[in-house]
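Chemist: Dropping the structure in here first, questions after.
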């Protein structure tokens, strides 16, 4: 099974507009299409991530 790695930036800070729900729907839809969705979170005090290991970086936002 192919996998898609997603880095979810600052979920504890940017969770203002339902972004957690958006990332859950994204996870669901990716897996319905036959991929394995791996979602890692990163926040301010965490060690810097290696961005080259991710297929998508999600920072949320206002729609």
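In this note's numbering, the protein residues as written are 19 to 81. Glycine is no exception: its CB is placed at the ideal position from the N, C-alpha and C atoms.
Tell me which residues share the same chain as residue 53 and place their Cβ nearer than 8 Å to its Cβ, disregarding the 5 neighbours each side in the sequence.
Modeler: Your numbering for residue 53 matches position 35 in the chain shown. Hits under 8 Å: 19, 20, 21, 22.
Chemist: Could you give the residue range of the alpha helix (DSSP H) that holds residue 21?
Modeler: For the purposes of this step, residue 21 is taken as residue 3 along the chain shown, with counting starting at 1. Counting along the chain, residue 21 falls outside any alpha helix (DSSP H), though it belongs to the beta strand (DSSP E) covering 21-27.
Chemist: Can you check whether the CB of residue 56 is closer than 8 Å to the CB of residue 24?
Modeler: Residue 24 sits at position 6 when you count from the first residue of the chain shown. Residue 56 sits at position 38 when you count from the first residue of the chain shown. Taking 8 Å as the Cβ cut-off, residue 24 and residue 56 qualify as a contacting pair.
Chemist: Is it right to say residue 26 is buried, meaning 16 or more other beta carbons lie within 10 angstroms of its own, or is it exposed?
Modeler: As a working note, residue 26 is residue 8 in the chain shown. Buried.
Chemist: Quick one: residues in its chain with C-beta nearer than 7 Å to the C-beta of residue 45, no 5 flanking neighbours on either side, listed in chain order?
Modeler: For the purposes of this step, residue 45 is taken as residue 27 along the chain shown, with counting starting at 1. Within the same chain, residue 45 has close Cβ partners 55, 57.
Chemist: Judging by CA-CA distance, which residue of 72, 77, 51 is the nearest neighbour of residue 62?
Modeler: The count along the chain shown starts at 1 and reaches residue 62 at position 44. Nearest of 72, 77, 51 to residue 62, Cα basis: 77.
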